[in-house]
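For reference, the structure discussed in these notes is given below.
Number of protein chains: 2
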Amino acid sequence: MEKLRLVSSNKIFGGYQKVFSHESSELKCTMNFSIYLPPQVEGDVKLPVIFYLSGLTCTEQNFITKAGFQRYAAEHGIIVVGPDTSPRGIKIQGDNESWDFGVSAGFYLDATKEPWSTNYRMGSYVNKELYELIQAAFPVVDPDRIGIMGHSMGGHGALVSTLRNPGLYKSVSAFAPICNPSKCPWGEKAFTGYLGENKTEWASWDATELVKKYNGPPLTLLLDQGAGDKFYIEKQLLPENIVEACRSAGVPVILNLREDYDHSYYYISTFIGEHFDFHAKILKS
Amino acid sequence: MEKLRLVSSNKIFGGYQKVFSHESSELKCTMNFSIYLPPQVEGDVKLPVIFYLSGLTCTEQNFITKAGFQRYAAEHGIIVVGPDTSPRGIKIQGDNESWDFGVSAGFYLDATKEPWSTNYRMGSYVNKELYELIQAAFPVVDPDRIGIMGHSMGGHGALVSTLRNPGLYKSVSAFAPICNPSKCPWGEKAFTGYLGENKTEWASWDATELVKKYNGPPLTLLLDQGAGDKFYIEKQLLPENIVEACRSAGVPVILNLREDYDHSYYYISTFIGEHFDFHAKILKS
Chain X
224 MEKLRLVSSN KIFGGYQKVF SHESSELKCT MNFSIYLPPQ VEGDVKLPVI FYLSGLTCTE
284 QNFITKAGFQ RYAAEHGIIV VGPDTSPRGI KIQGDNESWD FGVSAGFYLD ATKEPWSTNY
344 RMGSYVNKEL YELIQAAFPV VDPDRIGIMG HSMGGHGALV STLRNPGLYK SVSAFAPICN
404 PSKCPWGEKA FTGYLGENKT EWASWDATEL VKKYNGPPLT LLLDQGAGDK FYIEKQLLPE
464 NIVEACRSAG VPVILNLRED YDHSYYYIST FIGEHFDFHA KILKS
Chain W
224 MEKLRLVSSN KIFGGYQKVF SHESSELKCT MNFSIYLPPQ VEGDVKLPVI FYLSGLTCTE
284 QNFITKAGFQ RYAAEHGIIV VGPDTSPRGI KIQGDNESWD FGVSAGFYLD ATKEPWSTNY
344 RMGSYVNKEL YELIQAAFPV VDPDRIGIMG HSMGGHGALV STLRNPGLYK SVSAFAPICN
404 PSKCPWGEKA FTGYLGENKT EWASWDATEL VKKYNGPPLT LLLDQGAGDK FYIEKQLLPE
464 NIVEACRSAG VPVILNLRED YDHSYYYIST FIGEHFDFHA KILKS
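Keeping their order, the protein sequence lines are chains X and W. Numbering-wise (our numbering), the first sequence opens with residue 224 and increments by one. Numbering-wise (our numbering), the second sequence opens with residue 224 and increments by one.
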């Protein structure tokens, strides 16, 4: 663990919520990530892991302080890892001008357009560098039982990470995910900025496009959406598009619409227990 | 409800976490408070209420976003009200110089020393004004089933509010409370500032002193303390003092020491379910 520096450690539900920082080779900057180690890490058995990808404007802190997931992770004996949402401490012109592009808005993809392509490689960071780092630094992790979930931009990140890398994540779920970024204002802005105008490249980072060609191990997508979520109503999220794509491609999908719930962690905290049950059923089977 | 202005409303665990603002006559300023209305408010039955008093540096937001209590409140059908920690928007010289005195450090007492005595009346605000306002504005509240809990400065506030006003709160519990403010640095600073040098007055706002003379309805104090809490180790909290006072006065007390837990909401979120069980047993009996 020499590459990791402990930022904080707090006991919660019998385990420890920790934050570490490290030097990322993909992002070329210092990054924080969170890891919840449930009480079962004291045993001799390797444990499953769920990665959680946060949404726009978040750091690694929002999820660990507001979602209340540690109770469920402790009940199931699951380690939970949460990366930050973009490179940090890099100065790129325009990276701080809006809350939906640049800092805290990395979209979990690998940028190809200058000046973003050097650092904005959140796709490779999450799915290669951090994925491997966690296994190397925490031998208690079972490499065959890794799942992923996320919220909003991070919900899309969870879907894309799973669909682009068949078998890497055994289970996937998403709260209020951006489902079809090529067709919504948030996605159009981010993809134009990070990827340029090439729509073929857009399709390779768009969950709704990717699911149409999915050809990996059997997978069920669990999607959750608050019906009172203003971003859903404004058509930033478009879950109907990915559901239709899943049905035409024969990929099982569950979409739970939650009456009057919004886009906040109040909503996530209400249903994250159900998501842990879903992941546990797959990861612990 | 014409006196209340809705600040926010978010659905969580089937109920609604709301924040209201109002003009406080005791504090002579605009105050926010939170109220969680569980799904059972839709029924015909009046519901119990728990007041939650927060600690130093907090607003009404910390508890509602970090404690995860809404799950338990929804399970038990309990309304939960959380006031702010001091008057707001008042300019008094010195009110912003330190985090443990003045703004966000009202200590839930009625100041008698100038210049604090005009506004810093959090004792009367919580136990009279807000107590009555909640009942008037929310007829679903059962006036005979009201409990109180709190954290740190607010844990002391919960104890003092109960002990000074026998019968007002049927159940009381505290996380990492300041137990004997006359004997710790935080309390000495606050009491000197708000009350002056009169030690008899100090005793009338000190839970350990008050419990020695308690002569109200039967009451069990539930105290919770993280053994790894640095403020406990630094002797700001002194739970042993109130336990000894309770035993000599014949007031039942439970002190749960939690190995390696600290002073944070990570700790509170782990045990607040137990506290709701304790309050529910009394308030719903």
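The beta-carbon is built from N, C-alpha and C at its ideal position, and this holds for glycine as well. If you're wondering where the values come from, they're calculated on a predicted model, not measured in any experiment.
Straight-line CA distance for residue 371 of chain W to residue 331 of chain X? Residue numbering aside, residue 371 of chain W sits at position 148 when the second sequence is read from its first letter. Residue numbering aside, residue 331 of chain X sits at position 108 when the first sequence is read from its first letter. When rounded, the distance between both Cα atoms is 45 angstroms.
Cross-chain neighbours of residue 240 of chain W in chain X, by beta carbon under 7 angstroms: Here the question's residue 240 of chain W lines up with position 17 in the second sequence. The CB of residue 240 of chain W comes closer than 7 angstroms to the CB of 489 in chain X, given here in chain order.
Would you mind stating whether residue 236 of chain W and residue 284 of chain W have Cβ atoms separated by less than 7 angstroms? Position 13 of the second sequence holds residue 236 of chain W. Position 61 of the second sequence holds residue 284 of chain W. Against a cut-off of 7 angstroms, the Cβ pair of residue 284 of chain W and residue 236 of chain W comes out as no contact.
Proximal residues of chain W, C-beta to C-beta of residue 403 of chain X below 8 angstroms: Counting from 1 along the first sequence, the entry for residue 403 of chain X is found at position 180. Under the 8 angstroms cutoff, chain W gives no residues; its nearest Cβ is about 26 angstroms from residue 403 of chain X.
Indicate the three-state DSSP secondary structure (helix, strand or coil) for residue 475 of chain X in the structure shown. Taking the first residue of the first sequence as position 1, residue 475 of chain X is located at position 252. DSSP places residue 475 of chain X in coil when its eight states are reduced to three.
Which listed residue (W:489, W:463, W:508, W:334) has its alpha carbon closest to that of residue 480 of chain W: Residue mapping note: residue 480 of chain W aligns to position 257 of the second sequence, counting from 1. It is W:463 whose Cα lies nearest to the Cα of residue 480 of chain W.
Which same chain residues, not among the five before or five after residue 454 of chain W, have their C-beta less than 6 angstroms away from its C-beta? Translated into positions along the second sequence, residue 454 of chain W becomes position 231. Answer for residue 454 of chain W: 460, 486, listed in chain order.
Going by beta-carbon coordinates alone, are residue 377 of chain W and residue 506 of chain W separated by less than 7 angstroms? Here residue 377 of chain W refers to the residue found at position 154 of the second sequence. Here residue 506 of chain W refers to the residue found at position 283 of the second sequence. Against a cut-off of 7 angstroms, the Cβ pair of residue 506 of chain W and residue 377 of chain W comes out as no contact.
Hey, is residue 493 of chain X's beta-carbon within less than 7 angstroms of any beta-carbon in chain A? In the displayed structure, chain A is absent; the protein chains listed are X and W.
Taking 6 angstroms as the limit between beta carbons, can you name the residues of its chain near residue 318 of chain X, skipping five residues before and five after? Translated into positions along the first sequence, residue 318 of chain X becomes position 95. So the list reads 325, 326, once near-sequence residues are dropped.
Can you list, in chain order, the residues of its chain whose CB lies under 7 angstroms from that of residue 347 of chain X, leaving out five sequence neighbours each side? Residue numbering aside, residue 347 of chain X sits at position 124 when the first sequence is read from its first letter. Short of 7 angstroms from the beta carbon of residue 347 of chain X, and not among the five residues preceding or following it, lie these beta carbons of its own chain, in chain order: 249, 333.
Can you find a C-beta in chain X that's less than 7 angstroms from the C-beta of residue 236 of chain W? Taking the second sequence and counting its residues from 1, the one referred to as residue 236 of chain W is at position 13. Taking Cβ atoms only, chain X reaches closer than 7 angstroms to residue 236 of chain W, which makes this a yes.
Does residue 341 of chain W come within less than 7 angstroms of chain X when only Cβ atoms are used? The residue you call residue 341 of chain W lines up with position 118 of the second sequence. Cβ-Cβ to chain X under 7 angstroms: no for residue 341 of chain W.
Quick one: Cα of residue 456 of chain X to Cα of residue 436 of chain X, how far? Taking the first sequence and counting its residues from 1, the one referred to as residue 456 of chain X is at position 233. Taking the first sequence and counting its residues from 1, the one referred to as residue 436 of chain X is at position 213. Straight-line Cα distance between these residues: approximately 28 angstroms.
What residues of chain X sit near residue 289 of chain W, judged by a beta carbon separation below 8 angstroms? The residue you call residue 289 of chain W lines up with position 66 of the second sequence. Result: 288, 289.
With a 10 Å radius around its C-beta and 16 neighbouring C-beta atoms as the bar for buried, classify residue 501 of chain X as buried or exposed. In the first sequence, residue 501 of chain X corresponds to position 278, counting from 1. Looking at its Cβ environment, which holds 16 or more other Cβ atoms inside 10 Å, residue 501 of chain X is buried.
Using the C-alpha atoms, what's the distance from residue 452 of chain W back to residue 232 of chain X? Here residue 232 of chain X refers to the residue found at position 9 of the first sequence. Here residue 452 of chain W refers to the residue found at position 229 of the second sequence. Roughly 13 angstroms separates the two Cα atoms.
Please report how far the alpha carbon of residue 430 of chain X lies from the alpha carbon of residue 353 of chain X, in whole angstroms. On the first sequence, position 207 is the one that residue 430 of chain X refers to. On the first sequence, position 130 is the one that residue 353 of chain X refers to. Straight-line Cα distance between these residues: approximately 21 angstroms.
Quick check on residue 492 of chain X: does DSSP put it in helix, strand or coil? For the purposes of this step, residue 492 of chain X is identified with residue 269 of the first sequence, where counting begins at 1. It is helical.
Output the residue ranges of the beta strand (DSSP E) runs that lie fully inside the stretch 368-432 of chain X and measure 3 residues or longer, sorted by chain position. Listed in chain order, the beta strand (DSSP E) runs fully inside the stretch 368-432 of chain X are 394-398, counting runs of at least 3 residues.
Backbone CA spacing between residue 280 of chain W and residue 473 of chain X [nearest angstrom]: Taking the second sequence and counting its residues from 1, one reaches residue 280 of chain W at position 57. Taking the first sequence and counting its residues from 1, one reaches residue 473 of chain X at position 250. The straight-line gap from Cα to Cα measures roughly 53 angstroms.
Three-pair Cβ contact test at 8 angstroms for the stretch 297-317 of chain X versus the stretch 248-264 of chain X: yes
By how many angstroms is the C-alpha of residue 271 of chain W removed from the C-alpha of residue 369 of chain W? By 1-based counting over the second sequence, the position of residue 369 of chain W is 146. By 1-based counting over the second sequence, the position of residue 271 of chain W is 48. Using only the alpha carbons, I get a separation of about 6 angstroms.
At a CB-CB cut-off below 7 angstroms, which residues of chain W make contact with residue 447 of chain X? Your numbering for residue 447 of chain X matches position 224 in the first sequence. Correct list: empty, because the minimum Cβ distance to chain W is about 14 angstroms.
Tell me, please, whether the stretch 381-396 of chain W touches the stretch 413-423 of chain W by the rule of three or more beta-carbon pairs shorter than 8 angstroms. Cβ pair count under 8 angstroms is below three, so no.
Considering only residues of the same chain and omitting the five flanking positions on each side of residue 434 of chain X, which have a CB-CB separation below 7 angstroms? Indexing the first sequence from 1 puts residue 434 of chain X at position 211. Cβ within range, chain order: 386, 465, 468, 469, 472, 474.
Quick one: residues in its chain with C-beta nearer than 6 angstroms to the C-beta of residue 366 of chain W, no 5 flanking neighbours on either side, listed in chain order? The residue you call residue 366 of chain W lines up with position 143 of the second sequence. Once the five neighbours on either side are set aside, the close Cβ partners of residue 366 of chain W are 358.
Status (buried if at least 16 other CB within 10 Å, exposed otherwise) for residue 322 of chain W: Looking up residue 322 of chain W in the second sequence gives position 99. Residue environment analysis places residue 322 of chain W among the exposed positions, since fewer than 16 neighbouring C-beta atoms fall within 10 angstroms of its C-beta.
7 angstroms Cβ cut-off: residues of chain W touching residue 484 of chain X: As a position in the first sequence, residue 484 of chain X is number 261, starting the count at 1. By Cβ distance, chain W contributes 234.
Could you give the DSSP three-state label for residue 249 of chain X: helix, strand or coil? The sequence position of residue 249 of chain X within the first sequence is 26, counting from 1. DSSP places residue 249 of chain X in coil when its eight states are reduced to three.
State the start and end residues of the unbroken alpha helix (DSSP H) segment that holds residue 273 of chain X. Against the first sequence, residue 273 of chain X aligns to sequence position 50. From DSSP, residue 273 of chain X is part of no alpha helix (DSSP H) but of the beta strand (DSSP E) over 270-276.
Alpha carbon to alpha carbon, how far is residue 493 of chain X from residue 484 of chain X? Indexing the first sequence from 1 puts residue 493 of chain X at position 270. Indexing the first sequence from 1 puts residue 484 of chain X at position 261. Each residue's alpha carbon lies about 9 angstroms from the other.
Can you name the start and end residues of the alpha helix (DSSP H) that residue 289 of chain W belongs to? Translated into the one-based positions of the second sequence, residue 289 of chain W becomes position 66. Where residue 289 of chain W is concerned, the enclosing alpha helix (DSSP H) stretches over 284-289.
Would you call residue 228 of chain X buried or exposed, if buried means 16 or more other Cβ atoms sit within 10 Å of its Cβ? To locate residue 228 of chain X, count along the first sequence from 1; it is residue 5. Classification of residue 228 of chain X: exposed, given that the 10 Å Cβ count is below 16.
Give me whichever residues DSSP pairs with residue 292 of chain X in a beta bridge. Mapped onto the first sequence, residue 292 of chain X falls at position 69. According to DSSP, which records beta bridges pairwise, residue 292 of chain X is partnered with nothing at all.
Cβ shell of residue 408 of chain X (< 7 angstroms), same chain only, five flanking positions each side left out: By 1-based counting over the first sequence, the position of residue 408 of chain X is 185. Correct list, in chain order: 459.
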